[in-house]
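Going letter by letter, the sequence shown gives residues 1 to 117 in the UniProt record's numbering.
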Amino acid sequence: MELQALRQHLEEAAEQAAPGVPLSFRAMFGGLAAYAYGQVFASLSDVGLALKLPAQAQAALLEEAGAKRLQYDPGSPPSKQYVVVPEGFLARPEALAPWVKASLEHVAGLPPKARRR
Numbered sequence: 001m002e003l004q005a006l007r008q009h010l011e012e013a014a015e016q017a018a019p020g021v022p023l024s025f026r027a028m029f030g031g032l033a034a035y036a037y038g039q040v041f042a043s044l045s046d047v048g049l050a051l052k053l054p055a056q057a058q059a060a061l062l063e064e065a066g067a068k069r070l071q072y073d074p075g076s077p078p079s080k081q082y083v084v085v086p087e088g089f090l091a092r093p094e095a096l097a098p099w100v101k102a103s104l105e106h107v108a109g110l111p112p113k114a115r116r117r
């Protein structure tokens with residue numbers, strides 16, 4: 001799926017899950033990183049839409065058919081923080097929104113990133 005389509009699906013679900021939370025996007029590794037609260041909460045790439053989730057939410061999402069740990073390249077280790085949402089969730093904001101909400105709540109509680117010099 002194209003990056004712009006992934007972004008649109010994510011923005012629609014985020015507006016439903018957490019109205020008014022400002023999102024920003026930056027180019028990253030040939031894809032996009034989605035930010036909220038100064039933290040990356042989603043990765044949009046040719047792999048799909050991956051959300052940064054706490055361990056319990058990761059386990060629950062991984063039980064859904066089609067969900068998998070983010071892995072950009074077959075030889076690279078799978079992510080310990082990001083789970084790719086099933087493609088069938090993307091066109092259904094009501095299915096995607098609860099997971100986006102869990103991701104936004106997770107990153108909202110993380111400490112601020114240290115500034116690089």
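Where is the CB? At the ideal position from N, CA and C, for every residue including glycine. What you are looking at is a predicted structure, and each value in this text was computed from that prediction instead of being measured.
Look up F25 in the DSSP assignment and say whether it is helix, strand or coil.
-> strand
Nearest to Q81 by CA position, among A18, Q71, A17, is which residue?
-> Q71
Beta carbon of S103, beta carbon of L53: below 8 Å?
-> yes
For S43, does the count of other Cβ atoms within 10 angstroms reach 16, so buried, or fall short, so exposed?
-> buried
Ordered list of beta strand (DSSP E) runs contained in the segment 37-113, each at least 3 residues | 39-45, 48-52, 82-84
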